[in-house]
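What follows is a single structure, written as C-alpha cells, with notes after it.
Residue numbers (the numbering used here): 20 to 104.
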C-alpha cells in the first residue's frame, strides 16, 4: 500500500456510518479496501490513486450534520523510512 493514498476518517458512529458508507466515499474515487478500528472509532480508506484520496480529504468532511476528521494515514511506524531511495 502506498502511504500517500490512505486516509483516516474519525469522529463518526461506525454503525450508522457503515449503512451509508459506499455511497459517501466511493463517489470520490475507487476504494481499494478499508479497515475499521472500533477502539478509536475510525475508518482507514485506501484509494487507488493519490488524487482520489485528495478529493476525499477535501470533500468528505461532512456526514449529515456531523463534521468528520479526515487525515492522511500511514501504517509506517515512527522512525522508519521508506526504502528505494
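Heads up, the beta-carbon is just placed ideally off N, CA and C, and yes, glycines get one too.
Quick caveat, the model's predicted, so the values are computed rather than measured.
Please confirm whether residue i and residue j have their CB atoms less than 9 Å apart.
i	j	result
residue 28	residue 64	yes
residue 72	residue 25	yes
residue 92	residue 74	no
With a CB to CB cut of under 6 Å and the five nearest residues on each side skipped, what residues in its chain are close to residue i?
i	result
residue 49	67
residue 54	63
residue 90	27
Just to confirm my understanding: we take residue i, look at its own chain, exclude 5 residues before and 5 after, and list those with CB closer than 8 Å. What are they?
i	result
residue 87	28, 29, 30, 31, 79, 80 and 81
residue 56	62 and 63
From what residue to what residue does the beta strand (DSSP E) around residue i run?
i	result
residue 26	25-29
residue 9	Look at the range of the chain in this structure, 20 to 104, and you will see that residue 9 is not part of it.
Which residue marks the beginning of the alpha helix (DSSP H) containing residue i, and which one marks its end?
i	result
residue 69	69-78
Considering only residues of the same chain and omitting the five flanking positions on each side of residue i, which have a CB-CB separation below 7 Å?
i	result
residue 44	50, 64, 75 and 79
Alpha helix (DSSP H) runs wholly inside the stretch 42-67, at least 4 long, in chain order: Fully enclosed alpha helix (DSSP H) runs of 4 or longer: not present.
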